Amino acid sequence: MDKVLNSLINALQFEKKHFRKYIAVTEELEKEDTLLESDIMNCRKCSLYSTAVNKVIGSGNLSANIMLVGEAPGEEEDKRGVPFVGRAGEKLEEMLKYIGLSKNDVYICNVLKCRPPHNADPTREQEESCIVFLKRQIKLVKPKVILTLGRHAASAVLDKESKNMYEYLNKVFEIDGGIKVISTYHPAAILYSKGEAKNKIRIQVASDLVKLKGIAGEL
Ligand code: URA
Numbered sequence: 014m015d016k017v018l019n020s021l022i023n024a025l026q027f028e029k030k031h032f033r034k035y036i037a038v039t040e041e042l043e044k045e046d047t048l049l050e051s052d053i054m055n056c057r058k059c060s061l062y063s064t065a066v067n068k069v070i071g072s073g074n075l076s077a078n079i080m081l082v083g084e085a086p087g088e089e090e091d092k093r094g095v096p097f098v099g100r101a102g103e104k105l106e107e108m109l110k111y112i113g114l115s116k117n118d119v120y121i122c123n124v125l126k127c128r129p130p131h132n133a134d135p136t137r138e139q140e141e142s143c144i145v146f147l148k149r150q151i152k153l154v155k156p157k158v159i160l161t162l163g164r165h166a167a168s169a170v171l172d173k174e175s176k177n178m179y180e181y182l183n184k185v186f187e188i189d190g191g192i193k194v195i196s197t198y199h200p201a202a203i204l205y206s207k208g209e210a211k212n213k214i215r216i217q218v219a220s221d222l223v224k225l226k227g228i229a230g231e232l
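Sequential numbering of the sequence shown, starting at 14, is according to this note's numbering.
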């Protein structure tokens, strides 16, 4: 009986120690997240803050293994302050569903935290002003794998500029000492392409998603 009691006490102490550690890590994560949020809210490094309705920081699971990085908030995201909640967001949800995931299973953010008026492509100056926040998000979430959506996101995350999407496709990169990065098309590319081009993009995206799931599961 004493033996059973002792092992029960040991098990409880083990749980208590690990639970405390878990709470400490969670508190640390939340503290850094709050700080990051307030730094983004106060940012005036480029002119976009003056036209943005809302800053769009990130959504989903801060402890996720998978991080998705888009380009910049669109009109709906700007209105609501949440990434990927417009038409591209619906497509993204479909993409995640294809590999059995939902938006809550991953962490989602953009390179730019403010909407460029008329959804213009991000300029170099805007990207350079904002990249520090994306780097802090990557450090905070520590994902095992990042999926970049579109050419701008790939170039920002990989710090490797190319006008050609093929430079980024079908490769597995590594950043920050071990975080894998794979790139696919932006969900808007599926929405707005037509005919044979649309088919090719869909096939590429499907294969990238399967690869993403595989990498996240293997690590
Ligand atoms: N497109 C993006 O790149 N990000 C969003 O949040 C919405 C649309």
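Cβ coordinates follow ideal geometry from the N, Cα and C atoms, glycine included. What you are looking at is a predicted structure, and each value in this text was computed from that prediction instead of being measured.
Simplified DSSP assignment, three categories, for residue i
i	result
I112	coil
N177	coil
T71	It is worth fixing the name first, because residue 71 is Gly in this sequence and not Thr. The answer is strand: DSSP assigns G71 an E or B state.
S76	coil
Y198	coil
P129	coil
F27	helix
G87	coil
C56	coil
F97	coil
T39	helix
D172	coil
T47	helix
G102	helix
K207	coil
D134	coil
G163	coil
V17	helix
V66	coil
Cβ separation of residue i and residue j, assumed to be a contact under 8 angstroms, to the nearest whole Å
i	j	result
N123	G83	5 angstroms
E89	V98	5 angstroms
A85	L125	4 angstroms
V158	L225	6 angstroms
S206	I214	5 angstroms
I228	V185	7 angstroms
K66	K92	The identity of residue 66 in the sequence shown is Val, whereas the question assumes Lys. With a Cβ gap of about 6 angstroms, V66 and K92 count as contacting.
I151	M80	7 angstroms
L182	S196	6 angstroms
I70	L222	About 24 angstroms separates the two Cβ atoms, so there is no contact after all.
L42	L153	7 angstroms
K104	P200	4 angstroms
T64	P130	5 angstroms
P156	I192	6 angstroms
V170	Y198	The Cβ separation is near 15 angstroms, so there is no contact.
DSSP bridge partner residues for residue i (one or two, in chain order)
i	result
C122	G71, V82
V158	I79, K193
F186	V194
* Heavy atoms of ligand 1 versus C-beta positions, residues under 5 angstroms -> Of all residues, those with a beta-carbon under 5 angstroms from at least one heavy atom of ligand 1 are G83, E84, P86, G87, E90, P96, F97, A101, N123, reported in chain order.
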